[in-house]
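Student: Starting off with a structure, shown below.
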Amino acid sequence: MSSSSEEIRLAAGTAEVGVQPGNGCRLGSLTVDGVELLRQGERYGSFPMVPWCGRTRDGRFRNGGTLHQLPVNSPPHAIHGTARDAAWKTARQSPTEAVFTYDLTDPWPYPGRVTQVVELTEDALTLRMAIETYGDSFPAQAGWHPWFNRHLAGGDGGQDDSGVQLSFTPAWQEQRGDDHLPTGTRVAPTPAPWDDCFGMPGGVDVTLTWPGRLELNVASREEWVVVYDEPADAVCVEPQTGPPNGLNTLPRLVTPLEPLETSTTWTWRRL
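Position one of the sequence shown corresponds to residue 3 (the working numbering), numbered consecutively onward.
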């Protein structure tokens, strides 16, 4: 088991990433030219959401005729999976790539394994995740929850003034109910601020631009992305395999023959 303080460092060119397997296998840091892109703090950085993403209504989901109850860690719902609160194991590492595993266990009712691969190049970070079952098939989701800094630290230790700008063209927005879950109705995208799920059938494609500094693109073959830009100091762009409450509304089964596999690539360029 990894200790909570262990950090795996990867480096390529002037890009560096720090992975914390003992802290939910989150990225604790991503720097380009020495500038930190992720919000710092034990609960921030960028963490994998697995085996579900976002909120699951009342912490309950069905697998066939069996009703399961998950811990309600964001009342009245269960949020962001169990793996972000667990210690992962480091399977292998090189200077630019590392592989981590997490065995699903209580409170998740089905045994299985999650694998996350972190791969860094000079201008891109690729994250891959797979969920396998050790027995019965079960519904699951996987995704990532990065907290990008709204402002990048300046070369003099100050802050730039304009803050990050988001650019994306979703086909629809999931209408959000008072309980923060999609109602099942798709609506035309609304203006920011957002804590909302969007549909991008051609694949997730969201660009974050820090004017005059850096442009970063978040891409994934998945068609679901949650954008959360309400905090004053961070924005979240979360590619995932289904919408919030998807264990109930759009289940994707992990079977002995077919694991759930997903990935996201973040590519940057200097401005």
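By construction, the Cβ of each residue, glycine as well, lies at the ideal position given by its N, Cα and C atoms.
Give the secondary structure of Arg28 by DSSP, where H, G and I count as helix, E and B as strand, and everything else as coil.
Tutor: For the purposes of this step, residue 28 is identified with residue 26 of the sequence shown, where counting begins at 1. The answer is strand: DSSP assigns Arg28 an E or B state.
Student: For the candidate residues Trp268, Arg178, Thr58, whose alpha-carbon lies nearest to that of Ser222?
Tutor: Residue mapping note: residue 222 aligns to position 220 of the sequence shown, counting from 1. The shortest Cα separation from Ser222 among Trp268, Arg178, Thr58 belongs to Trp268.
Student: Measuring alpha carbon to alpha carbon, tell me which residue in Gly30, Val19, Phe150 is nearest Pro233.
Tutor: On the sequence shown, residue 233 is found 231 positions in, with the first residue counted as 1. Taking only the C-alpha atoms, the option nearest Pro233 is Phe150.
Student: If I measure Cβ to Cβ from Asp105 and keep anything under 7 angstroms in the same chain, skipping five residues before and after, which residues do I get?
Tutor: Looking up residue 105 in the sequence shown gives position 103. Cβ neighbours of Asp105 beyond the five flanking positions: Arg115.
Student: How big is the Cα-Cα spacing for Arg271 and Gln242?
Tutor: Here residue 271 corresponds to residue number 269 of the sequence shown, with the count starting at 1. Here residue 242 corresponds to residue number 240 of the sequence shown, with the count starting at 1. Taking the straight line from one Cα to the other gives about 24 angstroms.
Student: For His79 and Asp207, I'd like the C-alpha separation in whole angstroms.
Tutor: Position 77 of the sequence shown, counted from the start, is the residue given in the question as residue 79. Position 205 of the sequence shown, counted from the start, is the residue given in the question as residue 207. Rounded to the nearest angstrom, the two C-alpha atoms are 28 angstroms apart.
Student: Alpha carbon to alpha carbon, how far is Tyr112 from Asp138? Give it in angstroms, no decimals.
Tutor: Sequence index remark: in the sequence shown, residue 138 carries index 136 (1-based). Sequence index remark: in the sequence shown, residue 112 carries index 110 (1-based). The alpha-carbon atoms of Asp138 and Tyr112 are separated by roughly 7 angstroms.
Student: Check the DSSP bridge columns for Tyr112 and list the partner residues they point to.
Tutor: Numbered from 1 along the sequence shown, position 110 holds the residue referred to as residue 112. In the DSSP output, where bridge partners are listed per residue, Tyr112 has none listed.
Student: List the residues that DSSP assigns as beta-bridge partners of Val166.
Tutor: Locating residue 166 in the sequence shown gives position 164, counting from the first residue. Paired residue(s): none; Val166 is not in a bridge.
Student: Taking only three categories from DSSP, how would you classify Thr266?
Tutor: Locating residue 266 in the sequence shown gives position 264, where the first residue counts as 1. It is a strand residue.
Student: Just verifying my parser: in three-state terms, what is the DSSP assignment at Ala173?
Tutor: Walking along the sequence shown from the start, residue 173 turns up at place 171. Coil, per DSSP.
Student: Exposed or buried, what is Arg57 when buried is set at 16 or more other beta-carbons lying within 10 Å of its beta-carbon?
Tutor: For this step, residue 57 is matched to residue 55 along the sequence shown. By the 10 Å Cβ count, Arg57 comes out buried.
Student: Look at the alpha carbon of Asp87 and the alpha carbon of Thr171, and state the distance between them as a whole number of angstroms.
Tutor: Here residue 87 is taken as the residue at index 85 of the sequence shown, counted from 1. Here residue 171 is taken as the residue at index 169 of the sequence shown, counted from 1. Taking the straight line from one Cα to the other gives about 33 angstroms.
Student: Excluding the 5 residues preceding and the 5 following Ala14 in the sequence, name in chain order all residues of the same chain whose CB lies nearer than 6 angstroms to its CB.
Tutor: Numbered from 1 along the sequence shown, position 12 holds the residue referred to as residue 14. Excluding sequence neighbours, Ala14 sits near Thr98, Leu122, Thr123, Glu124.
Student: Have a look at Ile133, Gly20, Ala85 and flag the residue whose alpha-carbon is nearest the alpha-carbon of Pro258.
Tutor: Here residue 258 refers to the residue found at position 256 when the sequence shown is read from its first residue. If we check each option's Cα against that of Pro258, Ile133 comes out closest.
Student: Going by alpha carbons, who is nearest to Gln175 out of Val237, Ser164, Asp198, Leu39?
Tutor: Position 173 of the sequence shown, counted from the start, is the residue given in the question as residue 175. Checking every option, the nearest Cα to that of Gln175 belongs to Asp198.
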